[in-house]
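Worksheet for the structure shown next.
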Amino acid sequence: GQQLNQSPQSMFIQEGEDVSMNCTSSSIFNTWLWYKQDPGEGPVLLIALYKAGELTSNGRLTAQFGITRKDSFLNISASIPSDVGIYFCAGRRRSGGGADGLTFGKGTHLIIQP
Amino acid sequence: DGGITQSPKYLFRKEGQNVTLSCEQNLNHDAMYWYRQDPGQGLRLIYYSQIVNDFQKGDIAEGYSVSREKKESFPLTVTSAQKNPTAFYLCASSISGPGATDTQYFGPGTRLTVL
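For the protein sequence lines, the chains are A and B, in the order given.
Start counting the first sequence at 1; every next residue gets the next number (this note's numbering).
Start counting the second sequence at 1001; every next residue gets the next number (this note's numbering).
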């Protein structure tokens, strides 16, 4: 199946720094989702994007749905220790109303040094 | 509390044995999904179900089977035909139908280890 190209694969940053990660695809997606996963747990939804060009914030997190529909980015401002984890982008090619699963990136592993 | 539950959290089985992973949701969601996650990898879709008594193969369905006899339950059986079954298995659900969004909510996962 289609894979999303997510980068960077891992990030080592200092507490307080801003973080930026992105996903790209050769195919158009109609929905972009960003999840965070802690070790041994299921992914938790952070932000959902449904329209090209949409910019959505959730606290210190901001995500954008690329205008070409082939990319999305996630920014985290002023990182804190609890931001540590693996961040996944996920996309869906079909419009809402049906269920056929999501395509996931391979994740960005965020490590924060105090 | 509303949510998705998976049991057990950890499961150990001998090679050649079938094993069934449980997934239950009380969110009244129509659609349910099973994903597999391997170390350093994203999630890959095994099976999904849009309504009761109907399910479709995902990208890596070989060696797996599912049933959807009830709206709230979507058990996954890992059969002996699955060549590399050791992995972290995640169940998810979402609203389906006209006007629904694509947001999927995940359970806590089951880590299966085949000895």
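Every residue gets a Cβ at the ideal spot worked out from N, C-alpha and C, and that includes glycine.
Would DSSP call residue i helix, strand or coil?
| i | result |
| --- | --- |
| S20/A | strand |
| G97/A | Only weak support is given to the placement of G97/A: the predicted model assigns it a pLDDT of 47, under 50, and the question is left unresolved by the model. |
Just grab the DSSP bridge partners of residue i for me.
| i | result |
| --- | --- |
| H109/A | S10/A and I86/A |
| A1092/B | Y1033/B and F1106/B |
| F1012/B | T1113/B |
| D71/A | T24/A |
Among the options, which has the Cα closest to the Cα of residue i?
| i | options | result |
| --- | --- | --- |
| P43/A | T1113/B, L1112/B, L1115/B and P1108/B | P1108/B |
| T1117/B | K1014/B, V1052/B and A1092/B | Missing from the structure shown is residue 1117/B; chain B here goes from 1001 to 1115 and no further. |
| R1068/B | S1080/B, Q1025/B, F1055/B and G1003/B | F1055/B |
| S77/A | Q64/A, G85/A, G59/A and F88/A | G59/A |
| P1085/B | Y1105/B, T1103/B and I1060/B | I1060/B |
| T1005/B | E1015/B, L1043/B, L1027/B and L1011/B | L1027/B |
| K1071/B | Y1089/B, I1095/B and L1090/B | I1095/B |
| P1008/B | S1022/B, N1018/B, G1016/B and Q1017/B | S1022/B |
| T68/A | S25/A, M21/A, N75/A and I13/A | S25/A |
| P8/A | G16/A, N22/A, F29/A and E54/A | N22/A |
Going by the CB atoms, is the gap between residue j and residue i shorter than 9 Å?
| i | j | result |
| --- | --- | --- |
| L33/A | A48/A | yes |
| Q1082/B | G1063/B | yes |
| L1112/B | V1066/B | no |
| S79/A | I112/A | yes |
| Y87/A | Y50/A | no |
| G105/A | Q6/A | yes |
| F1106/B | R1036/B | no |
| G1042/B | L45/A | no |
| E1015/B | S1080/B | yes |
If the cut is a Cβ gap below 8 Å, which residues of chain B does residue i touch?
| i | result |
| --- | --- |
| E41/A | P1108 and G1109 |
Residue i versus chain B: which residues are under 9 Å apart at the beta carbon?
| i | result |
| --- | --- |
| F73/A | What F73/A touches in chain B: nothing, since even the nearest Cβ is about 17 Å away. |
| F88/A | G1042 and L1043 |
Output, in chain order, the set of chain A residues within a Cβ distance shorter than 8 Å of residue i.
| i | result |
| --- | --- |
| T1103/B | L33, L45 and A48 |
Does the beta carbon of residue i fall short of 8 Å from some heavy atom of the ligand GDP?
| i | result |
| --- | --- |
| T1113/B | The model depicted lacks the ligand GDP and carries no ligand whatsoever. |
Using a C-beta to C-beta distance shorter than 7 Å, which residues of chain A count as neighbours of residue i?
| i | result |
| --- | --- |
| L1027/B | The contacting residues do not exist; L1027/B stays about 13 Å from chain A at best. |
Quick one: which chain B residues come within Cβ less than 7 Å of residue i?
| i | result |
| --- | --- |
| G107/A | G1042 |
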